[in-house]
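**Student:** Each number in my numbering comes from the position in the sequence shown (counting from 1) with 34 added on. By construction, the Cβ of each residue, glycine as well, lies at the ideal position given by its N, Cα and C atoms. Let me begin by handing over the structure; questions about it come next.
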Amino acid sequence: MKIGVLGTGMVGETLATALIQQGHSVRMGSRSAGNDKAAAWAAKHGADASEGSFADAADFGELLFVATHGGSTLHAIQMAGPDNFRDKIVIDVTNPLDFSHGMPPRILKEFQDVSLGEQLQHALPSAHIVKTLNTINSELMVDARHVHGGDHELFLCGDDLASKALVSKFLEQNFNWEAAHIRDLGGISLARTMEAIVPLWVVLYGHLGTGMFNYKIVH
């Protein structure tokens with residue numbers, strides 16, 4: 035599959051690398067083509083890896099991952115061109131965190147009432163936004179087996195049922211998530227809840243000294 039990954043940070047690079055390893059063709063997008071980090075990544079990973087602008091990556095991908103810095107995500111989407119997202123599934127892994135007041139982080143003020151996931155869907159009305167993977171670290175995103183053999187939960191939300199089903203299957207097949215542990219919380223409005231628990235993750239990271247952990251529901 036041709037997949038576009040918007041974002042060159044640790045999360046974007048981890049996702050892009052794992053997708054290449056699964057046999058996909060991946061284009062990493064940044065503010066402008068020729069970004070040093072994206073170019074180095076593409077050179078390292080062979081013919082199926084390429085880089086370009088946000089617009090290049092969005093146009094290239096049949097499936098898209100948005101892994102940009104939370105506060106810059108809406109601007110990145112505008113740079114990418116909303117028409118390049120038309121009728122595509124967009125997996126949103128972003129978190130709108132504000133570290134300017136110290137730890138733990140807060141949710142950025144502009145996303146406290148209406149989540150970033152919701153605002154993405156509003157900005158891209160012809161796309162199908164599926165929020166997931168944002169409540170765990172990047173290594174666990176791409177291989178659920180890193181913690182307790184995969185026996186833990188992954189949250190997901192979005193308005194389009196068919197898109198959520200396809201994303202769930204994709205995560206099973208590519209990132210080793212078990213179907214029974216992929217929890218569909220509901221519509222994209224539930225992105226508020228998924229983004230709101232990330233400051234707790236940061237606190238737990240501080241206590242545990244590692245990001246290699248996750249939540250498990252027992253009932």
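If you draw a straight line from the C-alpha of THR244 to the C-alpha of VAL237, how long is it?
**Tutor:** Taking the first residue of the sequence shown as position 1, residue 244 is located at position 210. Taking the first residue of the sequence shown as position 1, residue 237 is located at position 203. Each residue's Cα considered, the two are about 11 Å apart.
**Student:** Examine the Cβ distances between the region 109–118 and the region 195–215 and report whether three or more of them are shorter than 8 Å.
**Tutor:** no
**Student:** Within 10 angstroms of its Cβ, does GLN55 collect 16 or more other Cβ (buried), or is it exposed?
**Tutor:** Locating residue 55 in the sequence shown gives position 21, where the first residue counts as 1. Exposed, because fewer than 16 other Cβ atoms sit within 10 Å of the Cβ of GLN55.
**Student:** Looking only at DSSP bridge pairs, what is GLY84 linked to?
**Tutor:** Stepping through the sequence shown from its first residue, residue 84 is reached at position 50. With the sequence shown as reference, residue 84 is identified as Ser, and Gly is not the correct amino acid for it. Secondary-structure assignment with DSSP links SER84 through a beta bridge to ARG61.
**Student:** Have a look at HIS182, ILE163, MET228, ASP70 and flag the residue whose alpha-carbon is nearest the alpha-carbon of SER197.
**Tutor:** What you label residue 197 is simply residue 163 of the sequence shown in a count that begins at 1. The residue with the shortest Cα to Cα distance from SER197 is ILE163.
**Student:** Mapping the DSSP letters down to three states, classify ASP126 as helix, strand or coil.
**Tutor:** Position 92 of the sequence shown, counted from the first residue, corresponds to residue 126. Reduced to three states, the DSSP call for ASP126 is strand.
**Student:** Regarding PHE209 and the ligand ATP, is the C-beta to nearest heavy atom distance less than 6 Å?
**Tutor:** With respect to the ligand ATP, the structure shown offers nothing to examine, as it has no ligands at all.
**Student:** So does the region 43–60 actually touch the region 96–105, counting three or more Cβ pairs closer than 8 Å?
**Tutor:** Proximity of the region 43–60 to the region 96–105 meets the contact definition, three or more beta-carbon pairs being nearer than 8 Å.
**Student:** Is the region 158–175 touching the region 114–130, taking contact as three or more C-beta pairs under 8 Å?
**Tutor:** yes
**Student:** Closer than 8 Å by C-beta to ILE231: which residues in its own chain qualify, once you throw out the five before and the five after it? Chain order, please.
**Tutor:** As a position in the sequence shown, residue 231 is number 197, starting the count at 1. The answer, listed in chain order, is THR169.
**Student:** Looking at the structure shown, is THR107 part of a helix, part of a strand, or coil, going by DSSP?
**Tutor:** Numbered from its first residue, the sequence shown carries residue 107 at position 73. Of the three classes helix, strand and coil, the one that applies to THR107 here is helix, per DSSP.
**Student:** Please list the terminal residues of the continuous alpha helix (DSSP H) segment that includes THR51.
**Tutor:** What you label residue 51 is simply residue 17 of the sequence shown in a count that begins at 1. Looking at the DSSP string, the run of the alpha helix (DSSP H) that includes THR51 is 44–55.
**Student:** Mapping DSSP to helix, strand and coil, what is HIS182?
**Tutor:** On the sequence shown, residue 182 is found 148 positions in, with the first residue counted as 1. If DSSP states are grouped into helix, strand and coil, HIS182 belongs with the helices.
**Student:** Short check: CB of LEU142 to CB of PRO116, under 7 Å?
**Tutor:** In the sequence shown, the residue the question calls residue 142 occupies position 108. In the sequence shown, the residue the question calls residue 116 occupies position 82. Going by C-beta atoms, LEU142 is not nearer than 7 Å to PRO116.
**Student:** DSSP on LEU205, reduced to helix/strand/coil?
**Tutor:** For the purposes of this step, residue 205 is identified with residue 171 of the sequence shown, where counting begins at 1. Helix.
**Student:** Under the rule that 16 or more other beta-carbon atoms within 10 Å means buried, what is LEU242, buried or exposed?
**Tutor:** Along the sequence shown, read from residue 1 onward, the residue named residue 242 stands at position 208. Counting Cβ neighbours within 10 Å, LEU242 comes out exposed, since fewer than 16 surround it.
**Student:** Using a Cβ-Cβ cutoff of less than 8 Å, which residues in the same chain neighbour HIS215 once the five nearest sequence positions on both sides are dropped?
**Tutor:** As a working note, residue 215 is residue 181 in the sequence shown. Hits under 8 Å: ALA178, GLY184, ASP185, HIS186, GLU187, LEU188.
**Student:** Going by CA-CA distance only, name the one from CYS191, THR51, ALA91, ASN210 that's closest to LEU224.
**Tutor:** Within the sequence shown, numbered from 1, the residue matching residue 224 stands at position 190. Closest in alpha carbon position to LEU224, among CYS191, THR51, ALA91, ASN210, is CYS191.
**Student:** If you run the structure through DSSP and keep just helix, strand and coil, what is ILE163?
**Tutor:** The residue labelled residue 163 in the question sits at position 129 within the sequence shown. Correct three-state label for ILE163: strand.
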